[in-house]
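Have a look at the structure below, then the notes.
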Amino acid sequence: MSTNSLIPIVLSSFFAGFAVFVGGWLASVAERRLKKSIESYILHWTVAFGGGILVAAVAFVLVPKGIELFSVPWLITLFLAGALCFYFIDQWIAKKGGLLAQTMAMLMDFIPEALALGAVFAHHHQLGILLAFFIGFQNLPESFNAYFDLRKSQQPAGRILTIFFCLSFLGPLLAVTGNCFLADVPRLTGGIMLFSAGGILYLIFQDIAPASKINNHWEAALGANLGFMIGMVGAKIFG
Numbered sequence: 286m287s288t289n290s291l292i293p294i295v296l297s298s299f300f301a302g303f304a305v306f307v308g309g310w311l312a313s314v315a316e317r318r319l320k321k322s323i324e325s326y327i328l329h330w331t332v333a334f335g336g337g338i339l340v341a342a343v344a345f346v347l348v349p350k351g352i353e354l355f356s357v358p359w360l361i362t363l364f365l366a367g368a369l370c371f372y373f374i375d376q377w378i379a380k381k382g383g384l385l386a387q388t389m390a391m392l393m394d395f396i397p398e399a400l401a402l403g404a405v406f407a408h409h410h411q412l413g414i415l416l417a418f419f420i421g422f423q424n425l426p427e428s429f430n431a432y433f434d435l436r437k438s439q440q441p442a443g444r445i446l447t448i449f450f451c452l453s454f455l456g457p458l459l460a461v462t463g464n465c466f467l468a469d470v471p472r473l474t475g476g477i478m479l480f481s482a483g484g485i486l487y488l489i490f491q492d493i494a495p496a497s498k499i500n501n502h503w504e505a506a507l508g509a510n511l512g513f514m515i516g517m518v519g520a521k522i523f524g
């Protein structure tokens, strides 16, 4: 594998991963500069926006690739396996709590998607860019919200941002790993994507959608429409 072939993978995955730090940094700015009422509203809105992006990723990238490669029994098995795996991890995170558990919650969808990004780049450059687009746009609101969750558990802002900065480099590492070991096994890559889709859909309705609602306010949920619309436009441009 040539160095030149890795450059677009590293750049695309770094864009996707660096959104983790950017989202956390924006949250720290909001914490210092905005009133609590406005901060709460933005927090709910970004939760909805991230949910819309995730739905778009499932609808336009993760599931279509799986449908291409697998028969119905395998589709059902892989999709449900992802949902059940995320279900058990989500329960463990809720019981465990703390910095490690909350960081893992943010990485649950990022890790398999970044592996798949590197793998699909070898054969479908545009799909790799599209996946990087989705990962970046979902990491931004996820890390924004994760920052406030970690602050509630009394974690210092500096420590949170340091962790988020380090996590930014996880994207290129996972993508290059996926490209080296998964590029020649498209069914395995498709399986990971379908597995991720099942898990992500579980998270959307278990954690994300309920957290986006504000009593007696209806505008925040429109963030989901905006997120899905951006995903739809991205799929049209890069798909």
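Residue numbers 286 to 524, in the working numbering, belong to the letters of the sequence shown in order. Note that beta-carbon positions come from the ideal geometry of N, C-alpha and C, so glycine has one too.
How about A431 and M391: do their beta carbons lie closer than 8 Å? Their beta carbons are under 8 Å apart, which means A431 touches M391 by this criterion.
Between S438, M389, I414, which lies nearest to K521 when the distance is taken from Cα to Cα? With respect to the C-alpha of K521, the residue from S438, M389, I414 having the closest C-alpha is I414.
Answer yes or no: do G484 and G367 have a C-beta to C-beta separation smaller than 8 Å? Yes. Within cutoff.
In the DSSP assignment, find the unbroken alpha helix (DSSP H) run with N510 in it and report its ends. 507–523 is the extent of the alpha helix (DSSP H) around N510.
Cα separation between L328 and F429? Their Cα atoms are separated by approximately 8 Å.
Straight-line gap, F334 to F513 (C-alpha atoms, nearest Å): Each residue's alpha carbon lies about 8 Å from the other.
Determine the burial state of K380: buried for a count of at least 16 other Cβ atoms within 10 Å of its Cβ, exposed for fewer. Here K380 is exposed. Its C-beta has fewer than 16 other C-beta atoms within 10 Å.
Confirm, please, whether the CB-CB distance from G508 to W534 is below 8 Å. The question about residue 534 has no answer here: the residues shown for the chain are numbered 286 through 524.
Which whole-angstrom value describes the C-beta separation of L360 and M478, a residue pair presumed to lie in contact below a C-beta threshold of 8 Å? Contact between L360 and M478 is ruled out by a C-beta separation of about 12 Å, above the 8 Å threshold.
Looking at the secondary structure, which residues open and close the alpha helix (DSSP H) in which W330 lies? Taken as a continuous stretch (DSSP letters only), the alpha helix (DSSP H) holding W330 covers 321–342.
Measure the beta-carbon distance from A468 to A404 and round it to whole angstroms, keeping in mind my assumption that it falls under 8 Å. About 5 Å; that satisfies the 8 Å criterion.
Please report the straight-line C-alpha distance between F449 and F299, rounded to a whole angstrom. CA-CA distance, F449 to F299, rounds to 13 Å.
Candidates G308, G336, E324: which alpha carbon is nearest N510's? For the residues G308, G336, E324, the minimum Cα distance to N510 belongs to G336.
Are there 16 or more other CB atoms within 10 angstroms of the CB of E398, so buried, or fewer, so exposed? By the neighbour-count rule (16 or more Cβ atoms within 10 Å), E398 is buried.
Residue interval of the alpha helix (DSSP H) (run including I420): I420 -> alpha helix (DSSP H) spans 410–437.
Would the beta-carbon of V305 fall within 8 Å of that of S481? No.
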